[in-house]
Amino acid sequence: MRAITVTKPASLDTLTVSELPDPTPAQGEILVQWRASSLNYHDYLVANGSLPVVDGRIPLSDGAGDVIALGEGVTKWKVGDKVMSTFFPKWVDGRVNKAKTIGLGGDTVDGCAADKSCVAQDAVTAIPEAYSYAEAATLPCAALTAWRALMVEGGLQAGDSVLVEGSGGMSVFALQFAKAAGAYVYATTSNDDKIDQLKKLGADTVINYKTDPKWGATINKLSGGGVDHVLDVGGNTTLGHSIDAARVGGHISLIGILGGFTAEIMLPKLFGKQMRMTGISVGSAEMQDAMVRAINIAGIRPVIDRSFSLEELGAAFRYQETGQHFGKIVIEY
Numbered sequence: 001m002r003a004i005t006v007t008k009p010a011s012l013d014t015l016t017v018s019e020l021p022d023p024t025p026a027q028g029e030i031l032v033q034w035r036a037s038s039l040n041y042h043d044y045l046v047a048n049g050s051l052p053v054v055d056g057r058i059p060l061s062d063g064a065g066d067v068i069a070l071g072e073g074v075t076k077w078k079v080g081d082k083v084m085s086t087f088f089p090k091w092v093d094g095r096v097n098k099a100k101t102i103g104l105g106g107d108t109v110d111g112c113a114a115d116k117s118c119v120a121q122d123a124v125t126a127i128p129e130a131y132s133y134a135e136a137a138t139l140p141c142a143a144l145t146a147w148r149a150l151m152v153e154g155g156l157q158a159g160d161s162v163l164v165e166g167s168g169g170m171s172v173f174a175l176q177f178a179k180a181a182g183a184y185v186y187a188t189t190s191n192d193d194k195i196d197q198l199k200k201l202g203a204d205t206v207i208n209y210k211t212d213p214k215w216g217a218t219i220n221k222l223s224g225g226g227v228d229h230v231l232d233v234g235g236n237t238t239l240g241h242s243i244d245a246a247r248v249g250g251h252i253s254l255i256g257i258l259g260g261f262t263a264e265i266m267l268p269k270l271f272g273k274q275m276r277m278t279g280i281s282v283g284s285a286e287m288q289d290a291m292v293r294a295i296n297i298a299g300i301r302p303v304i305d306r307s308f309s310l311e312e313l314g315a316a317f318r319y320q321e322t323g324q325h326f327g328k329i330v331i332e333y
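Mapping to full-length UniProt numbering: the sequence shown position 31 is 31, numbers consecutive.
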């Protein structure tokens, strides 16, 4: 089978396709023929060596494809079923704990940058109805993160207000989920050309954070005292603004590290606003199933910016580096 592996020293320039033996499913496992994947910032950090992994690791956490063989004892799936990966293969349901997050696709265990791989039968879920493989492959990380932030941890209600930052995959999904639930959505971008794109997806108010250096305070004022839910993606570059934008008693989901691994915050603002901050790292298979049910009912379709082949994975990451994409970048095999 074809596969891409991360070799040390890791570099985007060394992501080349090689031939590996076809895997055979063990007891309780299924063999999946992957048809598509998508890029996340975490995948980029693995591929360029910022997040070190063992030599020979197969990257990419997200994948969608077909079940082509069953190991002994598999009862959940049959050959021909269309499935998609889960970010944490061992987090099936219930509250998160350390044991459930030990395995992480494309990082601590092999990911989906391969034609085929064997996974536990509980490590995948069904894909939404009428979705292509490429569409389904955008969901396991970005969409589920947005879903958990808003619906599971945030308890989003119709009439709530939401702030999404930027136009990457997670933020676009958050915008779509929030609008489907009847929320008012504020969005930010650094590119005036993307303002219309965000509004076409339903964003009610869009702020260019490059031209408004106090955009958090601006959104607080426009919303009449702050928004209910903030999905923070930039860490040190955005968190202060996110706190400014949130209402008293609001909720901030800490999701991204685009601005670095650390952040400085003004603690008195947190105390004064009595807000809740939750670190979000994707979610469980149970959450993913709930998200799929909602997608089927609401008819939400992902926004795909551009597609690359498996052989073009390095070029796909280079494109991701530019920040020009709107929505998701996909890999189709």
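Idealized CB from N, CA, C, for every residue including glycine. As the structure is a prediction and not an experimental result, all values here were calculated from the model.
The way I'd put it, the segment 23-33 doesn't touch the segment 91-105; fewer than three beta-carbon pairs between them come closer than 8 Å.
Taken through DSSP and simplified to helix, strand or coil, Q320 comes out as helix. Within the same chain, Cβ atoms closer than 7 Å to the Cβ of K100 are found at F88, K90 and W91, the five residues on either side in sequence being excluded. The Cβ-Cβ distance between A137 and S161 does not fall below 8 Å. Annotation: the continuous alpha helix (DSSP H) that includes G272 extends over L267 to K273. Residues A134, V330 and E332 of the same chain have their beta carbon placed closer than 7 Å to that of S307, with the five preceding and five following residues left out of the count. For K199, there is no enclosing beta strand (DSSP E); the residue is part of the alpha helix (DSSP H) that begins and ends at I195 to K200. Rounded to the nearest angstrom, the gap between the Cα atoms of L267 and L258 is 22 Å.
In the three-state reduction of the DSSP assignment, N97 falls in the coil class.
One alpha carbon belongs to G234, the other to Q320, and they sit about 16 Å apart.
For L70, the enclosing beta strand (DSSP E) has its first and last residue at A64 to L70. By the neighbour-count definition (other C-beta atoms within 10 Å, threshold 16), Q288 is a buried residue. For E286, the enclosing alpha helix (DSSP H) stretches over residues A285 to A298. In the three-state reduction of the DSSP assignment, L254 falls in the strand class, which pools E and B.
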